[in-house]
Amino acid sequence: MGLTKIHTKKRGRRTTYYSYFDSVQGFNDFVDAQAASLNEDNREVLKRMNETTASSIKRGSNWYGSPIPKDVSELNEHRYFLGMELLRTIQPKIKDKLSEYIKLMDNQILSKPKVAYNDRGLGVFSFDRAAMGLYRLQPTGSKIPIDNAISQLQIELDTSNKTTAVKSVFAYFKDRKSSYPALSLYLMAGGNANVKGDELLYVGLACAELVEFMEIRGVAVEVNALLGTSFKGNVAMGVIRIKRFQDRLDKNQLLLMTSDPRYFRYRGFKALIALSDHFGLNIPDGLGSLKGNMGKDFVKEIRKEQDHYAVFEQSYSMNGAVNEVTEVIEDYTAQINKK
0 MGLTKIHTKK
10 RGRRTTYYSY
20 FDSVQGFNDF
30 VDAQAASLNE
40 DNREVLKRMN
50 ETTASSIKRG
60 SNWYGSPIPK
70 DVSELNEHRY
80 FLGMELLRTI
90 QPKIKDKLSE
100 YIKLMDNQIL
110 SKPKVAYNDR
120 GLGVFSFDRA
130 AMGLYRLQPT
140 GSKIPIDNAI
150 SQLQIELDTS
160 NKTTAVKSVF
170 AYFKDRKSSY
180 PALSLYLMAG
190 GNANVKGDEL
200 LYVGLACAEL
210 VEFMEIRGVA
220 VEVNALLGTS
230 FKGNVAMGVI
240 RIKRFQDRLD
250 KNQLLLMTSD
260 PRYFRYRGFK
270 ALIALSDHFG
280 LNIPDGLGSL
290 KGNMGKDFVK
300 EIRKEQDHYA
310 VFEQSYSMNG
320 AVNEVTEVIE
330 DYTAQINKK
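Given below as structure tokens:
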């Protein structure tokens, strides 16, 4: 594994330390490698965290979400989001709430491009549309025996003897703009100790809906998770790329990193220890805290360009998550309308 670069920003008495990670897998590999070579103080913090975790599991705590893990090892190996049942319940409700908002604000936000059809071969062939007027060609008599034989064979094989009465069968987006500026999203992972495990789910789902909303309208979107803490005048932060502009969104990775208590409350905590050690800091037993607007303050501090980005802080309710999405849509629309 190569050396992970450390960046620093100083403001007054506060110092912000941060590193970038190009993928979730790369970040997990970094955490495991760093955790194997902690300094003595941070090694003791990890040891005590493991003991506390084992005790919580033994008590049947729901702090790690559902189902309750068997042991610490299961948490350490956790790589896939397990809340799919909850996801199937909550996601349609978020979609419905967001749809209500979009209907109300239809003339003030980015419009969804309309699908149109043409007969010039532009766009994607639509079989469903072609099938509406599908019919079979009947063979015509020919004086040449070989032509009759070929025609008869095509009938028997059911090939090369169909056409459609519908001529406009190529679909494309009408009036779709290709010049919308790209949007960078940042999501603050996890939550403080008093947040119930399943309440972490909303922010990841809301982000997934936002990505879909934007990309349908021709806006390229990248997604980054922020995992960090603050203590003793220091901020320690990892910036983990979930999705590049040109990639499809991997919902499992998004929900794992931002909304999975099973991941955050063990591997996420382990990552805070590893990051602090990497930055040359000794993290306290409580692992520091998430301050209000910590994600927004951090991104504002590190970005050169102060537009075309948005930060999701943690939202622990459906309404809160949908409100964050609508604010992002409104802010982005306002920015491009100024141009």
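Numbering that gives the first Met the number 0 applies: residue 0 is where the sequence shown begins, and numbers increase by one. Glycine included, C-beta positions come from ideal geometry on N, C-alpha and C. Computed from a prediction, not measured in an experiment: that's the story for all the values here.
Whether residue i touches residue j by CB criterion (8 Å)
{"i": "Arg266", "j": "Val23", "result": "no"}
{"i": "Tyr100", "j": "Thr325", "result": "yes"}
{"i": "Thr7", "j": "Tyr16", "result": "yes"}
{"i": "Ala309", "j": "Leu184", "result": "yes"}
{"i": "Ala181", "j": "Val222", "result": "no"}
{"i": "Lys295", "j": "Glu323", "result": "no"}
{"i": "Tyr201", "j": "Tyr63", "result": "no"}
{"i": "Asn281", "j": "Asp40", "result": "yes"}
Which of helix, strand or coil DSSP assigns to residue i
{"i": "Phe311", "result": "strand"}
{"i": "Phe169", "result": "strand"}
{"i": "Tyr265", "result": "helix"}
{"i": "Lys4", "result": "coil"}
{"i": "Glu221", "result": "strand"}
{"i": "Val98", "result": "Strictly speaking, residue 98 in this sequence is Ser, with Val absent from that position. Helix at Ser98."}
{"i": "Ala53", "result": "helix"}
{"i": "Tyr19", "result": "strand"}
{"i": "Phe297", "result": "helix"}
{"i": "Phe244", "result": "coil"}
{"i": "Leu286", "result": "coil"}
{"i": "Ser229", "result": "strand"}
{"i": "Ser183", "result": "strand"}
{"i": "Phe212", "result": "helix"}
Bridge-paired residues (DSSP) for residue i
{"i": "His77", "result": "DSSP output for His77 lists no bridge partner at all."}
{"i": "Arg10", "result": "Arg13"}
{"i": "Val202", "result": "Answer by DSSP bridge pairing: none, since Val202 is not bridged."}
{"i": "Ala235", "result": "Tyr16 and Thr228"}
Reference residue i; option with closest CA among the options
{"i": "Gly319", "options": "Lys8, Gly203 and Phe263", "result": "Gly203"}
{"i": "Gly287", "options": "Val298, Glu300 and Ala270", "result": "Ala270"}
{"i": "Lys4", "options": "Arg12, Gly11, Arg10 and Asp21", "result": "Asp21"}
{"i": "Glu339", "options": "Asn61, Ser72, Ala32 and Gln33", "result": "Residue 339 is absent from the model: the chain starts at 0 and stops at 338."}
{"i": "Ala115", "options": "Pro283, Tyr63 and Phe169", "result": "Phe169"}
{"i": "His307", "options": "Met293, Gln33 and Val327", "result": "Val327"}
{"i": "Arg10", "options": "Asn27, Gly25, Pro283 and Glu300", "result": "Glu300"}
heavy atom of the ligand SAM below 7 Å from residue i C-beta
{"i": "Glu304", "result": "This structure lacks the ligand SAM, and indeed carries no ligand of any kind."}
TODO: Determine, using beta-carbon pairs with one atom in the stretch 234-241 and one in the stretch 271-286, whether at least three such pairs fall under 8 Å.
DONE: yes
Task: Segment contact, 8 Å Cβ cut-off, at least three pairs: the stretch 242-254 with the stretch 77-87 - done: yes
Open item on the list: Whether or not the stretch 62-69 and the stretch 256-263 are in contact is what I'm after, with contact meaning three or more pairs of Cβ atoms, one per stretch, closer than 8 Å; do they touch?
Closed with: yes
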